[in-house]
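To keep things clear, I will list the structure first and then write my remarks on it.
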Amino acid sequence: VLKHLRHLNFTNNMGEQVDFDEFGDLVGNYSIINWHLSPEDGSVVFEEVGHYNVYAKKGERLFINENKILWSGFSKEVPFSNCSRDCLPGTRKGIIEGEPTCCFECVDCPDGEYSDETDASACDKCPEDYWSNENHTSCIPKQIEFLSWTEPFGIALTLFAVLGIFLTSFVLGVFTKFRNTPIVKATNRELSYLLLFSLLCCFSSSLFFIGEPQNWTCRLRQPAFGISFVLCISCILVKTNRVLLVFEAKIPTSLHRKWWGLNLQFLLVFLCTFVQIVICVIWLYTAPPSSYRNHELEDEIIFITCHEGSLMALGFLIGYTCLLAAICFFFAFKSRKLPENFNEAKFITFSMLIFFIVWISFIPAYASTYGKFVSAVEVIAILAASFGLLACIFFNKVYIILFKPSRNTIEEVRCSTAAHAFKVAARATLRRSNVSRKRSNSLGGSTGSTPSSSISSKSNHEDPFPLPASAERQRQQQCGCKQKVSFGSGTVTLSLSFEEPQKNAMVNRNTKHRNSLEAQNSDDSLMRHRALLPLQ
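As C-alpha cells, this is what we get:
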C-alpha cells in the first residue's frame, strides 16, 4: 500500500485535492478544532481555533488562536497532564514506591552536592575544596580558617607578644645602664643578660604560631619555643644553685669559687640547652612537622594547621622543660631564706609555680581544642609563662633601681648578708647548745647554766671595752651593718670583712665585732661561720 500511496492523488468528497509525499505522508491543509461544551444544553460544539497550511511559507504554516481555546470544555487554564511536576535545579527525581517510573518526587540535593538542570536524575558531588551553595545549584570554594594576623584574636595575641618584647628590652636596657650597681651585680649580671635574651626569644617564638601555617613555620615554631624556654629555665637553675651552694658551704674556699666560675656556669647552661637541641634535631629528622589542610572537622571549612609529626616528640620537648623547671623550683624553694640581694629565690619560686600552672592547664586545653584554636592555646601558654618569669624575677629589681636607689647601695647589700650570717651562726649555736644540754641531762650531772641566744639590734650584754660614740658610728658606717648577736653561754666568733674602693687608692678596712661569753659545759668547742660575699 505504501508503494502506491507515494504516487497517489485524488479529490475527496469535499472537493479537496489529496496528495501524499515520497514518505507516504499526507500533504494537505488542516483545521484545528477545539471541543466546547454548549452552555445551553451541554452538547459538544466544534470550534475552529486555527489551521495548518502546508503550502504556506515556513514559519507561517501553523496558526492557533489561543484565546478561543477552552480546556475541559470550559476552562482557559492548561491542565497538568503528568503525574509529577518538573524538578527544579538543586533537586533530583526520587522514585515513589508503587507508582510508575514517570511518577516521581523531587528530593533536595544533600550538602556538598548540586544539580544545575531541571529533572536531574542524580546530584553531582562538589570537588574536595568546594562546597554547595545554599540552593545546591552550584559549588563555591570552602572557607579557609587559621589564626590570622588580621582577625581580632590574632591582633590581640600579637600586641601582647610585642608588649613582652618591649618590656624585656626595657629591662635589659636598665640592667645594661646600671650594670655596676650592687643589685645588678648580686643577681649574677652575665646570666641575667642571657636570661633576658632567652625571654626575648620566648616572646618572639609565639609569633611563629600566628599567620597561615607553612612547612617552614611548622618546623621552626616548636623547636624555637622549646629551646628558648629551656635556655631561660637553665639560666635560672644555674644562678639559683650557685648562690645556694656558696651560702650553704660551711667553709667557702677558692675551690668553690673556681668550680662555680662564670665559664662553668655558661657550660652548664649550654649542656642543659644542648639536650633540648638534640631532642628537636631527632624530631625534625624522624617526623618533621608540616602544614596540613584538615577537611574533616567541619564540612564547609578547611582548617590549615600544623601536623606535628610526632606527639611523643612534642611531649618530650615540653616534659624536659617541665623537668628543669621542677629542679629549679626545688633549689629556689630551698634557698628562699637567703639574702634577697643575692638570690631572688622567693620570686623564682613564685614564677615556677606560675610556670607549672600554665603548662598543666595547657595539656587538657590543647587536647580539647581543634583548628586555629590549637595555635591560640599554645600562644597564650607561651605568653603567660614568659610574662610570669619576667615579672617575678625582674620587675622588683627594676623598681628598686629606678625608684628606690637608696636600697641599691653596697651598705644595703652588706647589711643583708651580715644579718644572714648572724642568723645562721645563732641557729648553729642554739643547735649545739641544745645537743650539749641533752647530753648533760642524760648524764645527770650537769649543773651548768642553759645557753640562750637572741638576735637583736642591740646586745643584751654590755661590751667590756666600749667604743666612743663617734668611733662606733664611724665603725657602723664603714661596715654598713648594725646587727649584733649575744649568747647566754658558749663561744661564738663571727668575722665579717668588707673591701671598699677609694677614689685615690684602694684601702682595705676590716671591722671585726666579737661577742664572747665563757661556756661552762665540759665539752665546749669553738664554732665558726663565715659568709662568702659573691659581690666582693
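When you line the sequence shown up against the UniProt record's numbering, it's residues 1 to 536, in that order.
Glycine included, every Cβ here is placed at the ideal spot set by N, Cα and C.
Values in this document were obtained by computation on a predicted structure and should not be read as measured data.
TODO: Starting from V44, follow the beta strand (DSSP E) in both directions and report where the run begins and ends.
DONE: Looking at the DSSP string, the run of the beta strand (DSSP E) that includes V44 is V44 to N53.
TODO: Identify, in the order they occur along the chain, each residue of the same chain with its Cβ nearer than 6 Å to the Cβ of G15, setting aside the five sequence neighbours on each side.
DONE: Excluding the 5 residues flanking it on each side, G15 has no same chain C-beta neighbour closer than 6 Å.
Open item on the list: Quick check on the DSSP output: the beta strand (DSSP E) that includes V377 runs from which residue to which?
Closed with: Premise fails: V377 lies in the alpha helix (DSSP H), K372 to L390, not in any beta strand (DSSP E).
- [ ] Give a yes or no on whether the C-beta atoms belonging to A391 and F362 are separated by under 8 Å.
- [x] No, the pair does not count as a contact, with Cβ atoms beyond the cut-off.
- [ ] Give the secondary structure of W149 by DSSP, where H, G and I count as helix, E and B as strand, and everything else as coil.
- [x] Residue state, collapsed to three classes: coil.
TODO: Measure the Cβ-Cβ separation of I304 and R293 and say whether it is below 8 Å.
DONE: Yes; because the gap between Cβ atoms is below 8 Å, this pair is in contact.
Task: Sequence-distant residues of the same chain with beta carbon closer than 6 Å to F350, five excluded per side - done: When the five nearest sequence neighbours on each side are left out, the beta carbons in the same chain lying within less than 6 Å of the beta carbon of F350 are those of C392, in order along the chain.
Task: Contacting residues, own chain, Cβ-Cβ under 6 Å from T217 (five flanking each side not counted) - done: Non-local C-beta neighbours of T217 in its own chain, meaning closer than 6 Å and more than five positions away in sequence, comprise F208, ordered along the chain.
Open item on the list: Within the continuous beta strand (DSSP E) that includes G94, where are the two ends?
Closed with: Counted as a single uninterrupted DSSP element, the beta strand (DSSP E) harbouring G94 occupies residues T91 to I95.
Task: Residue environment, residue 554, which counts as buried when at least 16 other CB atoms sit within 10 Å - done: The shown model of the chain, from 1 to 536, leaves out residue 554, and the question about it has no answer.
Open item on the list: Contact between the stretch 314 to 327 and the stretch 350 to 359 is defined here as three or more beta-carbon pairs at a separation below 8 Å; is this criterion met?
Closed with: With the cut-off at 8 Å, the stretch 314 to 327 and the stretch 350 to 359 touch.
TODO: Could you tell me the boundaries of the beta strand (DSSP E) in which P182 lies?
DONE: Careful: P182 lies outside any beta strand (DSSP E), inside the alpha helix (DSSP H) at P182 to A186.
TODO: Could you check the C-alpha separation between M312 and T409 for me, to the nearest Å?
DONE: Whole-angstrom Cα-Cα distance: 50 Å.
- [ ] Alpha carbon to alpha carbon, how far is K58 from K3? Give it in angstroms, no decimals.
- [x] For K3 and K58, the distance between alpha carbons rounds to 28 Å.
- [ ] With DSSP as the reference, label C139 as helix, strand or coil.
- [x] In the displayed model, C139 falls within a strand according to three-state DSSP.
Open item on the list: Can you tell me whether Y114 is buried or exposed? The criterion is at least 16 other CB atoms within 10 Å of its CB, across all chains shown.
Closed with: Within a 10 Å sphere around the beta-carbon of Y114 sit 16 or more other beta-carbons, which makes this residue buried.
- [ ] Give the straight-line distance between the Cα atoms of V238 and I140, rounded to the nearest whole angstrom.
- [x] The straight-line gap from Cα to Cα measures roughly 58 Å.
Open item on the list: Can you confirm whether the stretch 362 to 373 touches the stretch 191 to 204 when touching is taken to mean that 3 or more C-beta pairs between the two stretches lie within less than 8 Å?
Closed with: The stretch 191 to 204 is not in contact with the stretch 362 to 373.
- [ ] Quick one: residues in its chain with C-beta nearer than 8 Å to the C-beta of F104, no 5 flanking neighbours on either side, listed in chain order?
- [x] Here the set comprises S84, C87, K93, G94, I95 and I96.
Task: C-alpha gap between F274 and G211, whole angstroms - done: Between F274 and G211, the C-alpha separation is close to 29 Å.
- [ ] Would you check if the stretch 285 to 302 and the stretch 225 to 232 touch, i.e. whether three or more CB-CB distances between them fall below 8 Å?
- [x] Not touching, per the Cβ criterion.
Task: Close-in-space but distant-in-sequence residues of the same chain around V269 (CB under 8 Å, 5 per side omitted) - done: Around V269: L191, L194, L231, S234, C235 and V238.
TODO: Report the three-state DSSP secondary structure of N263 (helix, strand or coil).
DONE: Three-state DSSP puts N263 in a helix.
- [ ] Identify which residue in Y55, V398 and H36 has its Cα closest to the Cα of L26.
- [x] The candidate whose alpha carbon is nearest that of L26 is Y55.
Open item on the list: Determine, for F329, whether the minimum Cβ-Cβ distance to residues of chain B falls below 8 Å.
Closed with: Looking at the structure shown, chain B is missing, and only one protein chain is on hand.
TODO: For A505, name the three-state secondary structure that DSSP assigns.
DONE: Low confidence applies here, because A505 scores a pLDDT of 35, under 50, leaving its location unreliable; read the following figure in that light. A505: coil per DSSP, three-state reduction.
- [ ] Report yes if the C-beta distance between F355 and A385 is below 8 Å; otherwise report no.
- [x] Yes. Within cutoff.
Open item on the list: Quick check on the burial criterion: 16 or more other C-beta atoms within 10 angstroms. Buried or exposed for H295?
Closed with: Counting every other CB atom within 10 Å of its CB across the protein chains shown gives H295 a total below 16, marking it as exposed.
Task: Assumed close pair V379, L157 - CB separation to whole angstroms, cut-off 8 Å - done: That belief holds up - the Cβ atoms of V379 and L157 are roughly 5 Å apart, short of 8 Å.
Open item on the list: For F10 and Q17, I'd like the C-alpha separation in whole angstroms.
Closed with: It is roughly 6 Å from the alpha-carbon of F10 to the alpha-carbon of Q17.
Open item on the list: Taking only three categories from DSSP, how would you classify E99?
Closed with: Residue state for E99 is assigned as coil, using DSSP reduced to three classes.
Task: Residue environment, Q276, which counts as buried when at least 16 other CB atoms sit within 10 Å - done: Counting Cβ neighbours within 10 Å, Q276 comes out buried, since at least 16 surround it.
TODO: Measure the Cβ-Cβ separation of G309 and S291 and say whether it is below 8 Å.
DONE: In terms of Cβ geometry, G309 and S291 do not form a close pair [threshold 8 Å].
Task: Reduced DSSP category for S121 - H, G, I as helix; E, B as strand; rest coil - done: The answer is coil: DSSP assigns S121 none of H, G, I, E or B.
Open item on the list: Given this structure, state the Cα-to-Cα distance separating Q214 from E99, to the nearest angstrom.
Closed with: Q214 and E99 have their alpha carbons spaced roughly 57 Å apart.
Task: E60 to V49 span [Cα, whole Å] - done: Their backbone Cα atoms lie some 15 Å apart in a straight line.
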